[in-house]
Ligand code: NCD
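In the numbering used here, the protein residues as written are 22 to 450.
Set out below in structure tokens:
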């Protein structure tokens, strides 16, 4: 079996408290040895010098829209896979709000067969809670589970029908999978397009109040409490949501939550630009929300960072704010933007950020062979150059879409190499 040695590198693996110079030996598809010391290059067929760089576990994204089937003009499994690797993600969970939605085992099997033909990250699939994402009747949960669904969600919409949500949470309690909730009560925002607050009112934009999130989260938590199911709250945006989650968790409710890079980076101040590239669901809120999210990430109350990578065409995203679709890209810029704007200025430790992008999401998904650098685990690795910079230019992105506010900016932190199951898959040949 082929042996690759990565030496003289800064190993950072928060799950094991590894943070210092060391080396890693890959054998075949798995990690053979990991140590905070040098290893003999004679042991290996290939030797990689990691000097001046970090070696991280491959990143895991709990939440990406890869748009296949039905939205291939925005993204495909292939372009999404490339974008993921460019951003250091070696495992990605694709959301089922496609066209048709992923609510049938045959479709899920066909998509998984497509993924097996790609040389890239491990793309896993979440399947719909309700048939056709219509919120009316439960999907074939166990058949979808057998076909490989790792989680269930109607992402893009909250499951409004309490009985339906109760049912899927009962299945979750019995079979252990996470239910990912897009917790936003539509009756509280109707035609809303931006955070409800002084700015949206001044500009005359229909608002999406914080209560649309908190009311939905409260109901979901109460159902999780009663059923014992495993609830994961997607893209938390409002400060008040955190106290609901923390109180419920303290009382033994099985709940985890994620935050997106864009909710950590921006606020509704960007409404002044009127640039729909910032239009996202849930919306960017106020400074106190952003500060509460950052604090909760620092303290681990928000355990994971998930991209909510939501590609849309330039045509759609350069129309009016009222009609443009919701969504911001995330896969290619998550690590370097958070490194640049939170870690470098001292607002977040790198170790906490890496944990939120690796072992935390792996644990939420119940993936036992990744997210940390342990012998026997999958050799999913990222070589990260903290000093180098790159420009987020259209020609530097692999996504089929360009809807990121970071376009035209320079970010610190470059992903130099990525290994998936022991094979170097980035840079692309
Ligand atoms: C998502 C998308 O584009 O699929 N957009 C977004 O702003 N998050 C769907 C959604 O969650 O609303």
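The beta carbon of each residue, even a glycine, is placed where N, CA and C say it ideally should be.
When DSSP builds the beta bridges, which residues end up paired with residue 411? Residue 411 is bridged to 432.
Length at least 4, wholly inside the segment 239-310: the alpha helix (DSSP H) runs in chain order: You should have 260-271, 282-286.
With 16 as the cutoff for other CB atoms within 10 Å, does residue 341 come out buried or exposed? Counting Cβ neighbours within 10 Å, residue 341 comes out exposed, since fewer than 16 surround it.
Quick check: the Cα distance between residue 171 and residue 390, rounded to an integer number of angstroms? 14 Å
Which term fits residue 294, buried or exposed, when burial requires 16 or more other beta carbons within 10 angstroms of its beta carbon? By the neighbour-count rule (16 or more Cβ atoms within 10 Å), residue 294 is not buried but exposed.
Rounded separation between residue 413 and residue 316 - CA only: 28 Å
Beta-carbon within less than 7 Å of residue 50's beta-carbon, same chain only, minus the 5 sequence neighbours each way: which residues are those? 399, 400, 442, 443
How would you call residue 431, buried or exposed, if buried means at least 16 neighbouring beta carbons within 10 angstroms? exposed
On the three-state DSSP scale, how would you describe residue 167? helix
Closer than 7 Å: is that where the CB of residue 346 sits relative to any heavy atom of ligand 1? yes
According to DSSP, residue 464 sits in a beta bridge with which residue or residues? With the chain covering 22 to 450 only, the question about residue 464 has no answer from this structure.
Where the alpha helix (DSSP H) through residue 187 begins and ends: 183-196 is the span of the alpha helix (DSSP H), which, as asked, contains residue 187.
State the start and end residues of the unbroken alpha helix (DSSP H) segment that holds residue 385. 380-386
Examine the Cβ distances between the segment 231-240 and the segment 195-204 and report whether three or more of them are shorter than 8 Å. Contact between the segment 231-240 and the segment 195-204 is present, because at least three Cβ pairs lie under 8 Å.
Roughly how many angstroms lie between the CA atoms of residue 418 and residue 175, to the nearest whole one? 28 Å
Determine whether the beta carbon atoms of residue 331 and residue 86 lie at a separation below 8 Å. yes
Tell me the residue span of the alpha helix (DSSP H) that contains residue 337. 335-338
For residue 314 and residue 285, believed in contact at Cβ under 8 Å, the rounded distance: 6 Å
Is the closest heavy atom of ligand 1 to the C-beta of residue 177 under 7 Å? yes
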